[in-house]
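Here the structure is laid out as structure tokens; the discussion comes afterwards.
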Amino acid sequence: MHTYELVYILQADLDEATLNGLAETVENLIKNANGEIIKVDRWGKRRLAYPIRKLTEGYYVFVSFKLDPAEVANLRRTLGYNEQILRSIVVRAE
Amino acid sequence: MSDYKSNGGGDRRHYVSKPKFCQFCADKNLAIDYKNVELMTRFVNETGKIRPRRQTGTCAKHQREVAKAIKNARHIALIPFEGDIWYDQNA
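Sequence lines, in order, name chains U and Z.
Counting from 988, one number per residue, gives the positions in the first sequence under the numbering used here.
Counting from 264, one number per residue, gives the positions in the second sequence under the numbering used here.
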């Protein structure tokens, strides 16, 4: 188990319920892979430094978690499949 | 010590006074973090390029980390790949 950090960007125009649902989906991805969530921090709506899929705003969510290294590639791939996630990044926390 | 280069092709390079110490070596609490937008913007120039060591004074080890962090920050659209950073604080 290693400690990782995840930042993902959701479409900013989604309503509260959808945002919560998506956030939960992501957390479940980690939990179902026997991961452990340490901290979730919602940065909220931010202006993107450059447009992504012609959108200028995104809803940022930060997650700190523990996960088996073998599961990380899987997590990255699954995040990429989700249409509502504009971008995501998973890095080792030092 | 000067970064002013006199080469045959003319002096196009501007002189930038360089800090004498690597600020990350001097301050161990200053973490290189791709999420720290304010810090990342200090290491890119106005066109969005990563500033060289000769301008920022960063040591080789920390420059590598800074470069990596900038690339991460670009990926999640915290800083642009090119062009100015447009600040707008309504978040």
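From the three backbone atoms N, C-alpha and C, an ideal C-beta is built for every residue, glycine too.
Can you check whether the C-beta of I1072(U) is within less than 9 Å of a C-beta belonging to chain Z? no
Indicate whether V994(U) and I339(Z) have their beta-carbon atoms separated by less than 9 Å. yes
Using only the alpha-carbon positions, how far apart do A1010(U) and K281(Z) sit? 45 Å
Test item: CB-CB of E1044(U) and R1029(U) under 9 Å: no
Taking contact to mean at least 3 C-beta pairs separated by less than 8 Å, is the segment 1062-1077 of chain U in contact with the segment 303-323 of chain Z? no
Kindly indicate if chain U contains any beta-carbon less than 9 Å away from that of I342(Z). yes
Are there 16 or more other CB atoms within 10 angstroms of the CB of F406(Z), so buried, or fewer, so exposed? Outside the displayed span of chain Z (264 to 354) sits residue 406(Z), for which this structure offers no information.
Does N335(Z) come within less than 9 Å of chain U when only Cβ atoms are used? Yes, its Cβ sits closer than 9 Å to a Cβ of chain U.
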